[in-house]
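S.K.: Numbering (this note's numbering), first residue to last: 2 to 688.
Supplied in structure tokens, the structure appears directly below.
See the structure below:
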């Protein structure tokens with residue numbers, strides 16, 4: 002039997018629903034031989050493009066390059082998806098083994114001298130080629146991809162650059178696997194009312210389900226707190242056991258920083274050393290300058306300008322919040338200093354006392370199933386989409402749900418795959434990725450878009466209840482999903498979320514605004530037992546408490562963004578001791594210890610599990626300027642579902658992909674450049 006006949010990764014998937022992978026037949030051992038075949042096929046395609054007798058043209062070089070590597074792209078999308086969402090020891094071993102060869106192939110592509118010669122020749126003549134705006138954008142982006150990957154480097158410099166890229170790929174894989182090992186290996190076992198004190202029913206139910214998932218189902222009293230954010234944050238908010246809160250908090254902030262096999266400190270240090278070398282080979286003084294050259298911000302100065310505009314007002318707001326928390330502690334006769342594992346606990350008590358708002362009162366109105374329907378309803382009202390569940394279509398895990406996505410005309414627009422629950426074989430966080438990008442260019446590919454969340458699953462037979470922050474996360478990732486599903490471009494390189502990093506969060510963050518809309522909540526936020534809509538009085542409490550604790554949240558986010566920028570702005574060749582560097586940087590900025598950071602460097606996967614957000618964690622706030630200003634267009638129109646504004650949002654933001662320069666596409670949507678005031682006002686920082 003031939004390899005193609007025996008390996009499902011090399012077979013035609015057209016017999017599968019929507020061309021999805023045959024998940025049930027795929028084994029980790031299939032990937033290495035499949036990648037070997039796909040890499041050889043792609044190299045042969047590129048050699049043919051480069052060796053043509055005809056002079057270079059857009060069609061025979063740029064469009065052909067965009068069409069190449071279909072098998073490889075299919076495998077990479079699947080490999081990433083399974084590695085992040087349904088891993089195993091065998092798959093992790095395959096990831097480690099394939100990291101360097103896949104990076105080496107990337108080097109072979111973008112350092113292909115004959116191919117780059119054709120691309121470079123077209124780039125030099127680009128204004129005289131009579132290209133459409135999208136074709137010109139594709140040519141410019143592909144040329145820049147080559148240049149930033151080392152195509153213009155010569156001799157030893159190019160060879161060394163290739164070595165650096167391959168080693169970084171190995172280290173990124175190791176970093177992410179170490180974090181996952183620390184997360185999946187930890188459990189705080191609770192037994193008895195004393196250890197469960199203060200925990201509402203929804204936290205207890207999730208902890209009980211986590212115990213069942215970890216093989217403790219026969220122990221009726223066992224409850225487990227994991228390091229999933231959907232568990233750890235409620236535990237820190239409600240547990241009356243200060244000693245257990247401290248244990249959980251230390252485990253959470255200590256991921257990647259324990260002596261032993263999963264210690265990420267040396268891994269991150271080597272990554273930083275290699276990134277600085279990478280930047281210097283490109284002629285930049287530091288990695289931040291290299292990374293920011295291809296962003297909307299464009300420079301460290303622009304990023305710091307935004308972060309510094311927020312930092313001091315956020316610290317002042319957090320100081321006022323701290324006074325409220327310490328007042329609550331005094332009223333309870335709790336005589337000890339406020340520590341990081343105390344903040345959320347006393348903040349919850351202040352929230353309840355000051356706003357009469359209790360998360361346990363809110364969550365029954367936010368069942369996961371109802372919020373998913375809210376997503377689909379908003380997408381339908383804004384963009385005419387319909388989401389049709391396909392329960393007969395199997396995903397890679399029983400938790401996965403598959404939906405057919407139709408336009409208002411009933412025509413198939415894509416496939417949406419949703420995976421909402423935390424589990425030990427899945428990395429933490431929330432993300433969107435693709436199994437297939439939308440494109441035409443001779444392939445007519447419909448998008449297959451995935452959303453991953455890490456919600457704590459409800460007990461068997463009970464719904465999963467979300468906090469308001471969880472619901473916002475659901476909407477956020479769905480905004481990314483819509484960016485992929487609504488893409489309407491010719492060329493795959495420009496499709497969906499493949500935009501500049503500080504633009505990519507705009508479609509996700511602007512979609513968060515609809516979870517705040519009363520008409521959305523009155524329709525979909527219904528009590529999971531009675532079906533009654535959320536009361537107006539509770540909505541008013543949620544609105545009144547909207548800015549509460551925003552100083553704390555803003556400080557935590559901005560601290561992580563500042564440390565990210567600082568550690569990548571170093572010009573020293575050797576990467577630093579990340580623990581000492583982080584501590585010194587935050588001391589210099591005056592970060593209060595009781596607040597801390599969103600992500601410490603030893604588990605900061607945005608930065609070290611890949612390079613996408615390195616020197617780029619600021620992008621969430623950069624995009625928040627855009628999304629807050631952009632949503633004002635709906636307010637000005639008088640409706641969150643105004644048809645004309647929604648059409649502009651669709652055309653210029655969700656459908657455009659990377660076919661237009663981002664400042665230009667934002668101006669086309671909004672009619673002007675973004676203003677910072679709505680963002681500052683939204684965070685309560687505008688004085």
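Virtual Cβ for every residue (Gly too), placed ideally from N, Cα, C.
Note that the structure is a prediction, hence the values are computed from the model and not measured.
Along the chain, where does the beta strand (DSSP E) that runs through residue 432 open and close?
M.R.: Taken as a continuous stretch (DSSP letters only), the beta strand (DSSP E) holding residue 432 covers 432-437.
S.K.: Let me make sure I understand the geometry here. Which of 592, 294, 257, 422 has the alpha-carbon closest to that of residue 280?
M.R.: Of 592, 294, 257, 422, the residue nearest in Cα terms is 294.
S.K.: Taking its Cβ as the centre, do 16 or more other Cβ atoms sit within 10 Å of residue 465, making it buried, or is it exposed?
M.R.: Answer is buried; the Cβ neighbour count reaches 16.
S.K.: In this structure, what does DSSP give as the bridge partners for residue 654?
M.R.: Partner(s): none; residue 654 has no beta bridge.
S.K.: Ignore the nearest five residues each way along the sequence and tell me which others in residue 594's own chain have a CB closer than 7 Å to its CB.
M.R.: Here the set comprises 341.
S.K.: Is the segment 446-454 touching the segment 95-110 in the sense that three or more CB pairs, one from each, lie closer than 8 Å?
M.R.: No, the segment 95-110 is not in contact with the segment 446-454.
S.K.: If you run the structure through DSSP and keep just helix, strand and coil, what is residue 534?
M.R.: DSSP places residue 534 in strand when its eight states are reduced to three.
S.K.: Since residue 603 and residue 97 should fall inside the 8 Å C-beta cutoff, what is the C-beta to C-beta distance between them, to a whole number of angstroms?
M.R.: Not a contact, Cβ separation roughly 20 Å.
S.K.: Could you name the residues of the same chain whose beta carbon sits closer than 8 Å to that of residue 273, not counting the 5 residues immediately before and after it, in chain order?
M.R.: Taken in chain order, the residues that qualify are 288, 568, 569, 571, 576, 577, 579.
S.K.: Taking all protein chains shown into account, do 16 or more other C-beta atoms lie within 10 angstroms of the C-beta of residue 80, making it buried, or fewer, making it exposed?
M.R.: Looking at its Cβ environment, which holds 16 or more other Cβ atoms inside 10 Å, residue 80 is buried.
S.K.: If we count the other Cβ atoms within 10 Å of its Cβ and call it buried at 16 or more, is residue 591 buried or exposed?
M.R.: Exposed.
S.K.: What residues are listed by DSSP as bridge partners for residue 446?
M.R.: In the DSSP output, where bridge partners are listed per residue, residue 446 has 440.
S.K.: For residue 15, write down the residues that DSSP places opposite it in a beta bridge.
M.R.: According to DSSP, residue 15 bridges with nothing at all.
S.K.: Looking at the unbroken beta strand (DSSP E) that takes in residue 414, where does it start and where does it end?
M.R.: It spans 413-422 - the beta strand (DSSP E) in which residue 414 sits, taken as one unbroken run.
S.K.: Under 8 Å Cβ to Cβ from residue 378, same chain only, skipping five residues before and after it: list those, please.
M.R.: Excluding positions up to five away in sequence, the list reads 521, 524, 525.
S.K.: Could you tell me whether the Cβ atoms of residue 394 and residue 403 are closer together than 7 Å?
M.R.: Taking 7 Å as the Cβ cut-off, residue 394 and residue 403 qualify as a contacting pair.
S.K.: Quick one: complete beta strand (DSSP E) runs, 3+ long, within the segment 358-412?
M.R.: Correct list: 387-390, 402-407.
S.K.: Which residues bound the alpha helix (DSSP H) around residue 311?
M.R.: Taken as a continuous stretch (DSSP letters only), the alpha helix (DSSP H) holding residue 311 covers 301-332.
S.K.: Can you grab the Cα-Cα spacing for the pair residue 381 / residue 408, in whole Å?
M.R.: Distance between the alpha carbons of residue 381 and residue 408 is about 9 Å.
S.K.: On a CA-only basis, which of 240, 168, 184 is nearest residue 202? Give me that one, please.
M.R.: For residue 202, the nearest C-alpha among the options comes from 240.
S.K.: Which residues does DSSP pair with residue 456 in a beta bridge?
M.R.: For residue 456, which the question treats as bridged, DSSP gives the partners 422.
S.K.: When you compare only the Cα positions, how much space is there between residue 685 and residue 515?
M.R.: When rounded, the distance between both Cα atoms is 19 Å.
S.K.: Pair every Cβ in the segment 301-314 with every Cβ in the segment 666-673, then say whether three or more of these pairs are closer than 8 Å.
M.R.: Touching, no.
S.K.: So residue 478 packs on residue 435, CB below 8 Å; how close in whole Å?
M.R.: Incorrect: roughly 13 Å between the Cβ atoms, too far for contact.
S.K.: Can you tell me whether residue 133 is buried or exposed? The criterion is at least 16 other CB atoms within 10 Å of its CB, across all chains shown.
M.R.: Exposed.
S.K.: Distance check for residue 678 and residue 645, CA to CA, integer angstroms please.
M.R.: Those two C-alpha atoms are separated by around 24 Å.
S.K.: In whole angstroms, what is the alpha-carbon distance linking residue 2 and residue 496?
M.R.: Low confidence applies to residue 2: its pLDDT is 48, below 50, so where it sits in the model is not reliable, and the reading given next is rough at best. So the alpha carbons of these two residues sit roughly 38 Å apart.
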